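Numbering (UniProt numbering), first residue to last: 1 to 261.
As structure tokens, this is what we get:
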């Protein structure tokens with residue numbers, strides 16, 4: 001049998017010296033090879049759900065409260081009404097927070113946290129009064145947001161009294177009690193620290209006529225709550241310049257005045 005011709009040998013030699021041929025594609029895994037990992041993942045997920053919801057390992061056994069000042073931890077825990085024995089993961093923290101703010105208006109904010117594996121923690125921040133308003137022989141506490149949140153039988157020490165002496169035909173009909181109260185709160189929040197400590201009464205006659213009664217029979221005519229920051233700085237400078245004065249007027253902060261001694 002005759003061997004390859006010279007032309008055939010040249011062509012084969014050319015093919016052998018060319019670039020390598022791509023390797024054969026590996027066979028894809030058969031579908032049944034994926035069944036085991038899928039089953040394992042499903043079993044793992046089912047096990048996690050059972051541990052969180054069905055087992056007795058991660059259920060509410062205790063509820064605690066912290067951060068209280070006037071309220072007691074027991075009052076907060078009772079108002080929260082967290083069901084003991086419920087799976088910890090299923091506790092609706094938003095519902096508990098809303099329930100606490102509704103039942104205990106003294107609470108300004110509350111953070112409900114899960115303390116794994118068996119606890120619920122209630123971290124409370126109570127409102128702080130900046131003014132008190134007398135009503136029927138008792139005292140209504142007002143916070144820095146102008147919220148009237150509690151009625152107490154004894155006025156807290158160091159908190160100025162709010163006195164609304166507004167004509168019903170003018171101020172109340174135009175602005176309303178809530179608006180005037182917020183203005184008084186705004187003035188109180190802007191007072192210099194030394195003045196705030198000495199303030200005993202915040203008197204509101206109208207939106208544009210707010211005055212302060214300080215210890216030592218001193219008074220301050222503040223005007224409206226507008227430009228309160230400027231008025232506070234002006235009042236500090238005026239008191240330093242006239243330490244013996246008894247009456248101060250910063251209703252127009254560009255033209256302050258003091259009198260009396």
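We put the beta carbon where it would ideally sit given N, CA and C, even for glycine. Just so we're clear, the structure is a prediction, and the values are computed from it rather than from any experiment.
Query raised in the report: Just curious, the beta strand (DSSP E) that residue 180 is in, first and last residue?
Result: Taking the first residue of the chain shown as position 1, residue 180 is located at position 180. Careful: residue 180 lies outside any beta strand (DSSP E), inside the alpha helix (DSSP H) at 177 to 190.
Query raised in the report: Whole beta strand (DSSP E) runs in the region 59 to 105 with 3 or more residues, listed along the chain?
Result: 62 to 66
Query - Residue range of the unbroken alpha helix (DSSP H) whose run includes residue 233 - result: Translated into the one-based positions of the chain shown, residue 233 becomes position 233. 228 to 241 is the span of the alpha helix (DSSP H), which, as asked, contains residue 233.
Query raised in the report: To the nearest angstrom, how far is it from the Cα of residue 258 to the Cα of residue 247?
Result: Stepping through the chain shown from its first residue, residue 258 is reached at position 258. Stepping through the chain shown from its first residue, residue 247 is reached at position 247. In a straight line, the C-alpha of residue 258 is about 5 Å away from that of residue 247.
**Report entry** Residue from 191, 208, 218 and 205 whose Cα sits closest to the Cα of residue 234
**Finding:** Walking along the chain shown from the start, residue 234 turns up at place 234. Here the closest residue by C-alpha is 191.
Query raised in the report: Is the region 155 to 165 touching the region 132 to 141 in the sense that three or more CB pairs, one from each, lie closer than 8 Å?
Result: yes
Query raised in the report: Under 7 Å between the Cβ atoms of residue 130 and residue 162?
Result: Counting from one through the chain shown, the residue named residue 130 turns up at place 130. Counting from one through the chain shown, the residue named residue 162 turns up at place 162. Their beta carbons are not under 7 Å apart, which means residue 130 does not touch residue 162 by this criterion.
**Report entry** Exposure of residue 83, with buried meaning 16 or more beta-carbon neighbours within 10 Å
**Finding:** Residue mapping note: residue 83 aligns to position 83 of the chain shown, counting from 1. The residue is exposed, with fewer than 16 neighbouring Cβ atoms inside 10 Å.
Report task. Whole angstroms is fine: what's the gap from residue 78's alpha carbon to residue 146's? Result -> Working through the chain shown from its first residue, we reach residue 78 at position 78. Working through the chain shown from its first residue, we reach residue 146 at position 146. Answer to the nearest angstrom: the Cα atoms are 27 Å apart.
Query raised in the report: Can residue 62 and residue 126 be called in contact, C-beta distance under 7 Å?
Result: The residue labelled residue 62 in the question sits at position 62 within the chain shown. The residue labelled residue 126 in the question sits at position 126 within the chain shown. Against a cut-off of 7 Å, the Cβ pair of residue 126 and residue 62 comes out as no contact.
Requested in this report: Please work out which residues of its chain come closer than 8 Å, Cβ to Cβ, to residue 229, disregarding the five sequence neighbours upstream and downstream, and give them in chain order.
Outcome: The sequence position of residue 229 within the chain shown is 229, counting from 1. Cβ neighbours of residue 229 beyond the five flanking positions: 190.
Query raised in the report: Counting along the chain, where does the alpha helix (DSSP H) carrying residue 195 start and finish?
Result: Position 195 of the chain shown, counted from the start, is the residue given in the question as residue 195. Run containing residue 195: 193 to 198, per the alpha helix (DSSP H) assignment.
Report task. Please look up how many angstroms separate the CB atoms of residue 220 and residue 250, rounded, as I've assumed it's under 8 Å. Result -> On the chain shown, residue 220 is found 220 positions in, with the first residue counted as 1. On the chain shown, residue 250 is found 250 positions in, with the first residue counted as 1. Rounded, the Cβ-Cβ distance is 7 Å, consistent with contact.
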